[in-house]
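S.K.: Residue numbers (this note's numbering): 148 to 663.
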C-alpha cells in the first residue's frame with residue numbers, strides 16, 4: 148500500500164503524527180521554489196506542525212524549478228510524505244514519524260508554467276520561500292516572458308509581475324519573501340537582483356516601487372541535517388509498523404533552526420507558525436546564527452567532504468567513528484575555524500560551544516549523511532563558505548592553516564576528472580567512478596590537464612572565476628596545498644590526516660598508536 152490521501156484511513160496510525168481530515172481543506176498561502184528535502188524537512192515541517200495545531204492554517208504550492216526528474220512521485224502520493232526524525236539527546240533516543248500534508252500541489256516550471264503564473268492571482272497568498280542552492284540567487288540576463296524564465300530570480304520576478312498586474316498595483320497584494328539559500332544576506336541579495344532586472348527590462352516604475360515597498364524580503368538561515376532517503380532498515384521498519392510504502396520518505400535530525408530577520412510586526416503575523424516551535428526564531432539581526440552555522444557546520448562539511456569520500460567513508464557518521472577522522476574534524480573546528488570567526492558578537496568560547504554541539508550532531512548514529520551528496524556544487528561552496536575562513540586565519544596569524552590546507556587539497560583531488568559524453572565529469576576513487584556535479588568542474592578539469600604539482604595548485608588558487616581574487620598571493624598557501632595534495636596522492640587520506648595533525652602539534656598520539 149502506497150502512502151496517499153485515499154489510503155490514510157487504512158494506515159496503522161499508532162506512533163504516527165497524522166493530519167486531520169479538515170487539514171486538506173486549508174487554502175494555499177505559500178509558494179515554494181524547490182522540492183528538496185531541506186525545505187520539506189524544515190520550513191515545511193514547521194508549517195505542518197503549526198497547521199496540526201490550528202495556527203497557520205495554510206498549505207504550500209511547490210514549484211519544481213530544475214529540469215531533472217519530474218513531479219510524478221508527488222502526484223502518486225497526493226503530495227504526502229513521511230519525515231522520520233532520529234536523534235540522541237541527553238542520552239535518550241528521539242524518534243518521531245510524521246506524515247506531512249503541508250504541500251497541496253507540485254507544479255513543474257518546465258511544463259506547467261502558465262498554471263504557476265495563474266497562482267499569482269491567489270488573494271490568500273502570503274509567503275514565498277525558496278532553496279535553489281547557493282548558485283540559484285545569481286544575477287543573469289533573463290526574459291521574464293519566457294515559458295519559463297531561465298533563472299530563479301527571473302521566475303520569481305515573472306510571478307510577482309503577474310501578481311502586480313492582476314491586483315492593479317494594490318499594496319496589500321505584496322508578499323513576504325524568505326529565501327533560505329545559504330548566502331550572506333540572501334533576501335537582500337535577491338531583492339537587489341530583482342530590482343536591477345526590473346530596471347534592465349524597462350518595466351514600469353510603478354511596478355519597481357511596488358516591488359520595493361509592498362513586499363517584505365527577509366534574510367533567513369536554516370539549520371537542520373536532512374540527509375535524504377531513509378536507510379533501508381528504517382524504511383522497512385516504517386512499512387512494517389504502518390503498513391505503507393513512501394517514495395518520498397526521508398530522515399532528519401531533531402535539531403532544527405529557522406532564523407528569520409525582521410522587525411516588522413505585520414511580517415510576524417504572517418509567520419504565525421513561529422508560535423508553535425522554538426526552532427523558528429524571528430530576530431532583528433540573525434548574523435550571529437548565520438556565521439556560526441555557515442562556518443562551523445557547513446564550512447567543516449565542505450573542508451571534509453572530499454577527505455571523507457576519497458578516504459572511503461560513505462557517510463559523515465561512518466567517518467566520525469574513525470578516531471583519526473574525528474580528531475581531524477574536531478581540531479579543524481575548534482582550533483582553526485572557531486578562532487577565525489571571532490568577532491564582537493562571537494567570542495571564542497561561544498564558537499567552540501557551538502562546534503561541540505555540531506560534532507555531537509555529526510555523531511548521530513541515526514543519520515546517514517552521504518559525503519558524496521555534500522560535494523554538490525563543491526567549488527562554489529568552498530569559495531563562499533571557506534575562503535573567508537582562510538583569509539581570516541592569514542590576517543590573524545600570517546601563516547598557513549594546515550588543516551584547512553589539507554581540506555583544500557582534498558577538494559582539488561576530488562575534482563580530478565575525465566570528461567565523458569554530454570558534458571559530464573567523472574572522477575575515480577577507491578576503484579569506483581563518481582560523477583562530479585559542479586558548475587565549475589570544467590575549470591578544475593582544464594587545470595588538471597594543463598599542469599601538475601605547484602603549477603596545478605597555483606592555477607586553481609589564482610582562478611578568478613572560482614575565487615573572484617587570487618588566493619595564490621597568500622604567502623605559502625600554494626606550497627602548503629601542493630604538499631598536502633601530494634601527501635594525499637602518495638600516502639592516502641588517513642595517513643595524510645595523521646601527518647597533518649602531528650605537524651600542526653595537535654594531541655593525537657593515542658589515536659596514531661591505535662591506527663598502527
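By construction, the Cβ of each residue, glycine as well, lies at the ideal position given by its N, Cα and C atoms.
Using 8 Å as the threshold, is the segment 194–214 in touch with the segment 248–257, meaning 3 or more CB pairs across them?
M.R.: Short answer: they touch.
S.K.: Distance check for residue 434 and residue 182, CA to CA, integer angstroms please.
M.R.: The count along the chain shown starts at 1 and reaches residue 182 at position 35. The count along the chain shown starts at 1 and reaches residue 434 at position 287. Rounded to the nearest angstrom, the two C-alpha atoms are 26 Å apart.
S.K.: Measuring only the C-alpha atoms, how far is residue 243 from residue 164?
M.R.: The residue you call residue 243 lines up with position 96 of the chain shown. The residue you call residue 164 lines up with position 17 of the chain shown. C-alpha separation (whole angstroms): 8 Å.
S.K.: Quick check on this structure: which residue in 356, 395, 555 has the alpha carbon closest to the alpha carbon of residue 614?
M.R.: If you number the chain shown from 1, residue 614 lands on position 467. Minimum Cα distance to residue 614 is reached at 555.
S.K.: Is it true that the CB of residue 502 sits closer than 7 Å to the CB of residue 480?
M.R.: Residue numbering aside, residue 480 sits at position 333 when the chain shown is read from its first letter. Residue numbering aside, residue 502 sits at position 355 when the chain shown is read from its first letter. Contact: yes.
S.K.: Under 8 Å: do the segment 331–350 and the segment 291–306 share three or more Cβ pairs, one atom per stretch?
M.R.: These segments touch.
S.K.: Roughly how many whole angstroms lie between the Cα atoms of residue 177 and residue 370?
M.R.: Taking the chain shown and counting its residues from 1, one reaches residue 177 at position 30. Taking the chain shown and counting its residues from 1, one reaches residue 370 at position 223. Whole-angstrom Cα-Cα distance: 20 Å.
S.K.: Return the first residue and the last residue of the alpha helix (DSSP H) that residue 225 is part of.
M.R.: Along the chain shown, one-based indexing puts residue 225 at 78. Premise fails: residue 225 is in no alpha helix (DSSP H) and is neither H nor E.
S.K.: Which residues bound the alpha helix (DSSP H) around residue 244?
M.R.: Taking the chain shown and counting its residues from 1, the one referred to as residue 244 is at position 97. Per DSSP, residue 244 belongs to no alpha helix (DSSP H); it is in the beta strand (DSSP E), 239–247.
S.K.: DSSP on residue 202, reduced to helix/strand/coil?
M.R.: On the chain shown, residue 202 is found 55 positions in, with the first residue counted as 1. In the structure shown, residue 202 sits in coil (DSSP, three-state: anything other than H, G, I, E or B).
S.K.: Can you give the Cα-Cα distance for residue 272 and residue 351, rounded to whole angstroms?
M.R.: On the chain shown, position 125 is the one that residue 272 refers to. On the chain shown, position 204 is the one that residue 351 refers to. Each residue's Cα considered, the two are about 23 Å apart.
S.K.: Mark residue 567 as exposed unless 16 or more other C-beta atoms lie within 10 angstroms of its C-beta, in which case mark it buried.
M.R.: One-based indexing of the chain shown puts residue 567 at position 420. The residue in question, residue 567, is exposed, as its Cβ has fewer than 16 Cβ neighbours within 10 Å.
S.K.: In terms of residues, what are the limits of the alpha helix (DSSP H) holding residue 218?
M.R.: Your numbering for residue 218 matches position 71 in the chain shown. Neither: residue 218 is in no alpha helix (DSSP H) and is coded neither H nor E.
S.K.: Scan the segment 373–421 and note each continuous beta strand (DSSP E) run of 3 residues or more that stays entirely inside, going in chain order.
M.R.: Within the segment 373–421, the complete beta strand (DSSP E) runs of at least 3 residues are 397–399, 404–408.
S.K.: Check whether the Cβ atoms of residue 548 and residue 483 sit closer than 7 Å, and answer yes or no.
M.R.: For this step, residue 548 is matched to residue 401 along the chain shown. For this step, residue 483 is matched to residue 336 along the chain shown. Yes, these two residues count as a Cβ contact at 7 Å.
S.K.: For residue 598, which option in 631, 563, 576 has the closest C-alpha, if you only look at C-alpha atoms?
M.R.: As a position in the chain shown, residue 598 is number 451, starting the count at 1. With distances taken between Cα atoms, residue 598 lies closest to 563.
S.K.: Which whole-angstrom value is the C-beta distance of residue 363 and residue 414, which I expect to be below 8 Å?
M.R.: Locating residue 363 in the chain shown gives position 216, where the first residue counts as 1. Locating residue 414 in the chain shown gives position 267, where the first residue counts as 1. Right, the Cβ-Cβ distance comes to about 5 Å (below 8 Å), so this counts as a contact.
S.K.: Within 10 Å of its beta-carbon, does residue 283 have 16 or more other beta-carbons around it, so buried, or fewer, so exposed?
M.R.: Residue 283 sits at position 136 when you count from the first residue of the chain shown. So residue 283 counts as buried.
S.K.: Quick check on DSSP: helix, strand or coil for residue 152?
M.R.: Translated into the one-based positions of the chain shown, residue 152 becomes position 5. Three-state result, residue 152: coil.
S.K.: Could you tell me the alpha carbon to alpha carbon distance between residue 454 and residue 442, rounded to whole angstroms?
M.R.: As a first step, residue 454 must be located in the chain shown, where it is residue number 307. As a first step, residue 442 must be located in the chain shown, where it is residue number 295. Looking at the two C-alpha atoms, the distance is approximately 17 Å.
S.K.: For residue 319, count neighbouring C-beta atoms within 10 Å of its own C-beta (all shown protein chains included) and say buried if the count is 16 or more, exposed if not.
M.R.: Within the chain shown, residue 319 is the residue found at index 172, counting from 1. Exposed, by the Cβ-count rule.
S.K.: Would residue 397 and residue 235 be called neighbours here (beta carbons separated by less than 7 Å)?
M.R.: By one-based count along the chain shown, residue 397 stands at place 250. By one-based count along the chain shown, residue 235 stands at place 88. No; because the gap between Cβ atoms is not below 7 Å, this pair is not in contact.
S.K.: I need the straight-line Cα distance from residue 187 to residue 646, nearest angstrom please.
M.R.: Looking up residue 187 in the chain shown gives position 40. Looking up residue 646 in the chain shown gives position 499. So the alpha carbons of these two residues sit roughly 41 Å apart.
S.K.: Measuring straight from C-alpha to C-alpha, what distance separates residue 513 and residue 202?
M.R.: One-based indexing of the chain shown puts residue 513 at position 366. One-based indexing of the chain shown puts residue 202 at position 55. Near 31 Å, if we compare the C-alpha coordinates of residue 202 and residue 513.
S.K.: Taking Cβ positions, are residue 604 and residue 552 nearer each other than 7 Å?
M.R.: As a position in the chain shown, residue 604 is number 457, starting the count at 1. As a position in the chain shown, residue 552 is number 405, starting the count at 1. Going by C-beta atoms, residue 604 is not nearer than 7 Å to residue 552.
S.K.: Would residue 516 and residue 374 qualify as a contact pair, given that the criterion is a beta-carbon distance under 7 Å?
M.R.: Walking along the chain shown from the start, residue 516 turns up at place 369. Walking along the chain shown from the start, residue 374 turns up at place 227. Yes, the pair counts as a contact, with Cβ atoms nearer than the cut-off.
S.K.: Take the Cβ of residue 504 as the centre, count every other Cβ of all protein chains shown within 10 Å, and call the residue buried at 16 or more, exposed below.
M.R.: Counted from its first residue, the chain shown places residue 504 at position 357. Exposed, since its Cβ has fewer than 16 Cβ neighbours within 10 Å.
S.K.: Distance, Cα to Cα, residue 212 vs residue 285?
M.R.: As a position in the chain shown, residue 212 is number 65, starting the count at 1. As a position in the chain shown, residue 285 is number 138, starting the count at 1. Looking at the two C-alpha atoms, the distance is approximately 15 Å.
S.K.: Using DSSP with H/G/I as helix, E/B as strand and the rest coil, what is residue 167?
M.R.: For this step, residue 167 is matched to residue 20 along the chain shown. Residue 167 falls in the coil class under three-state DSSP.
S.K.: Which one or two residues does DSSP pair with residue 428 in a beta bridge?
M.R.: Residue 428 sits at position 281 when you count from the first residue of the chain shown. DSSP lists 406 as partners of residue 428.
S.K.: Cβ atoms of residue 158 and residue 474: under 7 Å apart, would you say?
M.R.: Stepping through the chain shown from its first residue, residue 474 is reached at position 327. Stepping through the chain shown from its first residue, residue 158 is reached at position 11. No, they are not a contact pair.
S.K.: The alpha helix (DSSP H) with residue 438 in it runs from where to where?
M.R.: If you number the chain shown from 1, residue 438 lands on position 291. Counting along the chain, the alpha helix (DSSP H) containing residue 438 begins and ends at 434–439.
S.K.: Sorted by chain position, which residues of the same chain lie with C-beta nearer than 8 Å to residue 167's C-beta, five sequence neighbours on each side aside?
M.R.: Here residue 167 refers to the residue found at position 20 of the chain shown. The answer, listed in chain order, is 199.
S.K.: Return the first residue and the last residue of the beta strand (DSSP E) that residue 576 is part of.
M.R.: For this step, residue 576 is matched to residue 429 along the chain shown. Per DSSP, residue 576 belongs to the beta strand (DSSP E) from 572–576.
S.K.: So is residue 577 buried or exposed if we call it buried at 16+ other beta carbons inside 10 Å?
M.R.: For the purposes of this step, residue 577 is taken as residue 430 along the chain shown, with counting starting at 1. Exposed, by the Cβ-count rule.
S.K.: Would residue 263 pass as a contact of residue 210 if the rule is Cβ separation under 7 Å?
M.R.: One-based indexing of the chain shown puts residue 263 at position 116. One-based indexing of the chain shown puts residue 210 at position 63. Yes, Cβ-Cβ distance for residue 263 and residue 210 is below 7 Å.
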